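Our numbering puts the last residue of the sequence shown at 366; the count rises by one with no breaks.
Ideal placement from N, C-alpha and C gives every residue a C-beta, glycine not left out.
Please read all numbers here as calculations on a predicted model, not as lab measurements.
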Amino acid sequence: MNLSDLYGNQINGNQINEKQLIDKLEQQHCLTKEEWTELISRRNSQTAEYLFEKARYWQHKYFGNKVYTRGLIEFTNYCKNDCYYCGIRRSNRQAERYRLTKEQILECCAIGYELGFRTYVLQGGEDGWFTQEKLEDIVRTIKERYPDCALTLSIGERSFESYQRLFEAGADRYLLRHETAEDAHYQNLHPPELSSENRKQCLRNLKEIGFQTGTGFMVGSPGQTPEQLAEDMLFIHELQPHMVGIGPFVPHHETPFAKETGGTVELTLFMIGLLRLMQPKLLLPSTTALGTIDPLGREKGIQAGANVVMPNLSPTSVRKKYELYDNKICTGDEAAECRMCLNRRMESIGYELVTDRGDYPF
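Shown next as structure tokens:
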């Protein structure tokens, strides 16, 4: 062991170790890019446990032992985009495409309501078949039938006017992961017609309109560096979103990244803990991707500071078709019907699933 292992690295002329950086983050809710990079680069199991203990403190301060559930409805796997990591990219000719009808979507909501869900998440590719008018009609009908429920949309990049109209139709929240905040890395993951700046502007527009706004990023995407993860944290601190969804990169066999190495549970959990300390009131999912690469990934995410799970309400006939990455879990505990199974799993680590809307605590 060398001296820097014993005493930490020198940052800006000051001797500071990783636990001191975590303490600083807890007190000030932000770090410099150099400090973020240092903390992420030099993490270890002892640092992680120290972080998770603090993350759970803030998680319990604002949410107790509650884990909020969202009913996920994946209503179309058509997408005009060609993102290099995504299994439903338009170039994937092997994808078995589908669209749910309005009636099928409403049936999913009805099943979810009976199961106790009070938030629905409509997620889909950027599918032009669902026109602005069709989307507004679906949003309006869901909100009329279930006025006590929150409705989240996750349908990609749209104009300010489109977002405004969807908000006025009744949508409460919007999820749009920025995927990576660093421009060069963004271009490595996306075709030329997509830009990091437009993605970020969409998020700023959503916040301005009044949505509870969610963003997020992949952990361990091809070529990602600790410096780029530091940029993600700085962007999230600037945006001050209400939700952040992160998960490990998982390759899909019909994409240009098919043979790339996936992200790890370890780094994903560490980033969840950092997010909880940076924004203690965040709604922070323990994602499907975590549960896909680790049978206990969902529980580990909660214990690292997450407080949301999103079981699948989509019809069982289409769940396997919404394959963003290989081996995505879509039955068993991931299925909404096994909500009681998921509840028992949460209870086994000292948490409970709750049925309320789970709004951001302003």
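Item, Value
"Would you say the region 221-240 touches the region 251-261, given that touching needs at least three Cβ pairs under 8 Å?", "yes"
"Rounded to whole angstroms, what is the Cα-Cα separation between L279 and M247?", "10 Å"
"Grab the span of the beta strand (DSSP E) containing E177 for me, first residue to last.", "Inspection of the sequence shows that residue 177 is occupied by Arg rather than by Glu. Run containing R177: 177-179, per the beta strand (DSSP E) assignment."
"Do G218 and P245 have their C-beta atoms within less than 8 Å of each other?", "yes"
"Tell me which residues share the same chain as D9 and place their Cβ nearer than 8 Å to its Cβ, disregarding the 5 neighbours each side in the sequence.", "Low confidence applies here, because D9 scores a pLDDT of 41, under 50, leaving its location unreliable; read the following figure in that light. No residues qualify anywhere along the chain."
"What is the DSSP secondary structure of P252, counted as helix, strand or coil?", "strand"
"In whole angstroms, what is the alpha-carbon distance linking S321 and E327?", "13 Å"
"Give the secondary structure of S166 by DSSP, where H, G and I count as helix, E and B as strand, and everything else as coil.", "helix"
"Given this structure, state the Cα-to-Cα distance separating E197 from F121, to the nearest angstrom.", "37 Å"
"Is the beta carbon of A173 closer than 8 Å to that of R361?", "no"
"With respect to the beta strand (DSSP E) encompassing Q127, which residues constitute its N-terminal and C-terminal limits?", "123-128"
"Could you check how far apart the C-beta atoms of S290 and V312 are, in whole angstroms? I think they sit under 8 Å.", "7 Å"
"Just to confirm the assignment, what range does the beta strand (DSSP E) spanning T219 have?", "216-219"
"Alpha carbon to alpha carbon, what distance is there between Q24 and S166?", "45 Å"
"Please specify which runs of the beta strand (DSSP E), each continuous and at least 3 residues long, are wholly inside the region 64-150, giving them in chain order.", "70-73, 75-80, 123-128"
"Going by DSSP in three states, T229 sits in which element: helix, strand or coil?", "coil"
"Can you give me the C-alpha to C-alpha distance between R348 and R302, rounded to a whole angstrom?", "13 Å"
"Going straight from the alpha carbon of L286 to that of F274, what length do you get?", "16 Å"
"Would you decide whether P299 is buried or exposed? Buried here means 16 or more other CB atoms lie within 10 Å of its CB.", "exposed"
"Locate the alpha helix (DSSP H) running through V322, then write down its first and last residues.", "First-last for V322: undefined, no H or E at that position."
"Excluding five sequence neighbours on each side, which residues of the same chain lie with their C-beta closer than 6 Å to the C-beta of I267?", "Looking at the sequence itself, residue 267 is Gly, so the reference to Ile does not match. Around G267: V223, G224, P252, F253."
"Here's the rule I'm using: 16 or more other beta-carbon atoms within 10 Å means buried, otherwise exposed. How should A114 be labelled?", "exposed"
"Taking L238 as the reference, which of E38, Q31, E22, N21 has the closest Cα?", "E38"
"Tell me the residue span of the beta strand (DSSP E) that contains S158.", "154-158"
"Which of helix, strand or coil does DSSP assign to M247?", "strand"
"Give the range of the beta strand (DSSP E) segment to which L357 is assigned.", "356-358"
"Work out the CA separation of Q216 and Y364 for me, nearest whole Å.", "8 Å"
"Could you compute how far the alpha carbon of N16 sits from the alpha carbon of H189?", "In this prediction, N16 has a pLDDT of 46, which is less than 50 and means its spatial position is unreliable; nothing more can be read from the coordinates."
"Give me the Cβ distance between E183 and F221, rounded to the nearest whole Å; I'm assuming they're in contact under 8 Å.", "6 Å"
"Tell me which residue opens and which closes the alpha helix (DSSP H) that T272 is part of.", "269-282"
"If L207 sits next to Y89, beta carbons under 8 Å apart, how far is it from one beta carbon to the other, in whole angstroms?", "Actually they do not touch by this definition, with Cβ atoms about 19 Å apart."
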